[in-house]
Amino acid sequence: MTTVQDLGRAGLADIGVARSGAADRCSLRLGNRLVGNPDDTAGLEMAISGAKVNFEYAAQIVLAGETSAVLTECRGEPRLLASWQPATLAPGASVDIGRISAGMRAYLCIAGGVQTPRVLGARATHCPSGLGGLAGRPLRTGDSLPCGLIDDARQAHIVDVRAIRAFTERWVYRTVIRLVPGPHAGLVSRVFWEQLTTSRWKVSDQADRVGLRLNGPQLPLPTIGNMPSEAMPPGAMQIAGDGRPIVLGVDGPTTGGYPAPACVVRADEAAIGQLALRTEVRFVLVTHAAAREQYALRESEFSALADVCGG
Numbered sequence: 011m012t013t014v015q016d017l018g019r020a021g022l023a024d025i026g027v028a029r030s031g032a033a034d035r036c037s038l039r040l041g042n043r044l045v046g047n048p049d050d051t052a053g054l055e056m057a058i059s060g061a062k063v064n065f066e067y068a069a070q071i072v073l074a075g076e077t078s079a080v081l082t083e084c085r086g087e088p089r090l091l092a093s094w095q096p097a098t099l100a101p102g103a104s105v106d107i108g109r110i111s112a113g114m115r116a117y118l119c120i121a122g123g124v125q126t127p128r129v130l131g132a133r134a135t136h137c138p139s140g141l142g143g144l145a146g147r148p149l150r151t152g153d154s155l156p157c158g159l160i161d162d163a164r165q166a167h168i169v170d171v172r173a174i175r176a177f178t179e180r181w182v183y184r185t186v187i188r189l190v191p192g193p194h195a196g197l198v199s200r201v202f203w204e205q206l207t208t209s210r211w212k213v214s215d216q217a218d219r220v221g222l223r224l225n226g227p228q229l230p231l232p233t234i235g236n237m238p239s240e241a242m243p244p245g246a247m248q249i250a251g252d253g254r255p256i257v258l259g260v261d262g263p264t265t266g267g268y269p270a271p272a273c274v275v276r277a278d279e280a281a282i283g284q285l286a287l288r289t290e291v292r293f294v295l296v297t298h299a300a301a302r303e304q305y306a307l308r309e310s311e312f313s314a315l316a317d318v319c320g321g
């Protein structure tokens with residue numbers, strides 16, 4: 011599935027509008043830096059498999075994430091286009107992007123960005139409500155997208171791919187996910203926490219941008235009956251009636267009636283967005299102070315990496 015995504019819609023949860031946007035914001039931001047875009051510029055998010063994209067005009071692009079593509083231009087032999095390496099395309103070029111080779115998603119970032127209309131301040135696609143993107147839906151064969159024009163003064167350049175991959179291995183493709191206590195942490199037992207953090211969980215085939223269902227042992231249910239719906243952010247871990255956790259994604263509902271004893275730390279949100287189906291996951295509990303420190307560290311490393319890569 012391929013959709014138009016930027017960094018989403020912040021500050022609208024009180025009227026029921028999900029944040030949406032890139033599931034892996036780190037990769038989209040870094041890809042945008044590599045082609046000279048602001049962080050929140052819209053690109054294409056591809057899940058599991060890629061897409062074939064034809065360019066009517068000259069463009070500069072980069073593949074952000076672990077995939078590759080075959081680039082065909084009007085004059086010349088087809089050539090391989092690797093991840094994280096910006097490329098300048100002549101008018102009429104075609105880019106055939108293959109399967110995602112690590113994680114769940116990759117991004118096609120284009121200098122000038124995808125220029126679909128802004129809806130409630132963003133171009134991000136929220137498929138459950140049909141909001142944003144191109145008609146609020148995944149892209150189909152034959153769709154045409156408006157894009158910004160290339161800056162002739164900016165040339166594609168070689169980047170330090172090893173440094174990028176060191177960053178993404180540390181912050182994006184991790185499978186040990188950190189949690190902080192959530193709003194209903196006081197409703198669960200010590201046995202609950204022990205079982206949650208010592209068990210190995212597997213991402214269900216039902217996982218998507220709305221939420222990740224996790225298969226594993228049945229957790230002791232919180233000591234509460236029916237609950238009124240409460241506000242829920244992306245990353246909230248709810249415990250369903252079957253005793254198994256669901257981690258809400260960027261397209262998840264803004265309210266929920268299941269108890270939420272934990273929440274994924276902000277530094278690991280990109281990792282949640284990259285967990286592929288049937289991936290084995292472990293959880294560790296950290297303090298709110300540690301979570302803030304990890305987020306600050308990630309952003310510091312991101313800024314240093316973007317500077318090195320010319321962003």
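For the sequence shown, the numbering used here assigns the number 11 to the initial residue and increments by one for each residue that follows. Glycine residues also receive a C-beta, built at the ideal position from the N, C-alpha and C atoms. Predicted, not measured: the structure shown is a model, and the values here were computed from it.
Quiz item: Which residue comes first and which comes last in the alpha helix (DSSP H) that contains Glu66?
Solution: That residue, Glu66, is in no alpha helix (DSSP H); it is neither H nor E in DSSP.
Quiz item: What do you get for His298, buried or exposed, if any count of 16 or more other CB atoms within 10 angstroms of its CB means buried?
Solution: exposed
Quiz item: Does the beta-carbon of Arg85 have 16 or more other beta-carbons within 10 angstroms, so that it is buried, or is it exposed?
Solution: exposed
Quiz item: Is Gly221 helix, strand or coil by DSSP?
Solution: strand
Quiz item: Cα separation between Gln304 and Thr151?
Solution: 41 Å
Quiz item: At what residues does the beta strand (DSSP E) containing Gln248 begin and finish?
Solution: Ala246 to Ile249
Self-check item: Met56 - partner residues in DSSP beta bridges
Solution: Thr12 and Ala116
Self-check item: From Leu295, Arg254, Glu290 and Thr264, residue whose alpha carbon lies closest to that of Val274
Solution: Leu295
Exercise. Kindly identify the DSSP beta-bridge partner or partners of His136.
Key: Leu141
Quiz item: Tell me the DSSP bridge mates of Thr126?
Solution: According to DSSP, Thr126 bridges with nothing at all.
Quiz prompt | 6 Å Cβ shell around Gly226 - same chain, five flanking residues per side excluded | solution = Ser209 and Trp211
Quiz prompt | Rounded straight-line distance, which links the Cα of Pro244 to that of Ala58 | solution = Ala is not the amino acid found at residue 58; the sequence shown has Ile there. The straight-line gap from Cα to Cα measures roughly 21 Å.
Quiz item: In whole angstroms, what is the alpha-carbon distance linking Ala92 and Gly18?
Solution: 27 Å
Quiz item: What number of angstroms, rounded off, separates the C-alpha of Asp34 from the C-alpha of Ser239?
Solution: 27 Å
Practice problem: Could you name the residues of the same chain whose beta carbon sits closer than 6 Å to that of Ile256, not counting the 5 residues immediately before and after it, in chain order? | Solution: Gly221, Arg223, Gln248 and Ala250
Quiz item: So, is Thr126 buried or exposed, given that buried needs 16 or more other C-beta atoms within 10 angstroms?
Solution: buried
Quiz prompt | First through last residue of the alpha helix (DSSP H) which encompasses Trp203 | solution = Arg200 to Thr208
Quiz item: Identify the residues that DSSP records as bridge partners of Arg89: which are they?
Solution: Leu81
Quiz item: Roughly how many angstroms separate the alpha carbons of Glu290 and Asp278, rounded to a whole number?
Solution: 16 Å
Self-check item: Segment limits, beta strand (DSSP E) that includes Ala97
Solution: Ala97 to Leu99
Quiz item: Hey, is the segment 58-76 in contact with the segment 114-128, meaning 3+ C-beta pairs nearer than 8 Å?
Solution: yes
Quiz item: Quick one: is the Cβ of Ala246 within less than 7 Å of any heavy atom of the ligand ZN?
Solution: This structure simply doesn't include the ligand ZN, nor any ligand for that matter.
Self-check item: Simplified DSSP assignment, three categories, for Ile107
Solution: strand
Quiz prompt | Status (buried if at least 16 other CB within 10 Å, exposed otherwise) for Pro156 | solution = exposed
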